[in-house]
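The opening position of the sequence shown corresponds to residue 2 in the numbering used here, with each subsequent residue numbered one higher.
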Amino acid sequence: MLEPLGLTYPQYVTMMSLWQHNNVSIKQLSLHTRLDSGTLTPLLKRLEAKGLLLRKHSLEDERQKVISLTKSGQQLKKQASKVPEQLLVKTSMQEKEALKLKQLCEQLLEDCT
C-alpha cells in the first residue's frame, strides 16, 4: 500500500504526523510519532532528498531544526488518504473495532511508560 507513495512505514508515520502538525521541531515530531531522534534524523534526510520536506534552523534556537512540508509533501497527503481504508479492507475488522484497538494500544503504551 505504501509502495506507490514511495514511503516506508516509518516515513509514512512521519508524514502523517507532519500532515497534522506542520512546522515542528524534531523533538515535537519525535513525541508525536514516538520515534527517537536517532531514528528520525536519517529518515528526515531521506524525505528531504525526495523533496517532501525541508529541515531549517529554528529562528528562536539555532541548535534546533524546524521540519516543514514542501508543496510535494502536502500533495502526497491526497494519495495517502486512501491507505487507512485499504488497510481496513484487508482486515476482518469494522472501523469501530479498529479505532477501539488503536485506543487500547495507546492506553497500553501510556501505562507502560
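Every residue gets a Cβ at the ideal spot worked out from N, C-alpha and C, and that includes glycine.
The model shown is predicted, which means the values in this text are computed figures rather than measured ones.
Rounded to whole angstroms, the Cβ separation of K57 and K66 is 6 Å, and the two are in contact under 8 Å. In this structure, the straight-line span from the alpha carbon of N24 to that of L105 is close to 29 Å. Annotation: the continuous beta strand (DSSP E) that includes K57 extends over 54 to 58.
A direct Cα-Cα distance of roughly 36 Å separates Q76 from D112. According to the DSSP secondary-structure assignment, K66 is paired through a beta bridge with H58. Counted as a single uninterrupted DSSP element, the alpha helix (DSSP H) harbouring L88 occupies residues 84 to 90. In this model, L32 and L102 are separated by some 21 Å (Cα to Cα). Taking S59 as reference, the option from V90, S18, S26 with the minimal CA-CA separation is S26.
Cβ neighbours of L88 within its own chain (closer than 7 Å, five residues either side excluded): M2. Going by C-alpha positions, G39 is about 14 Å away from T15. The beta carbons of L48 and L41 sit no closer together than 7 Å.
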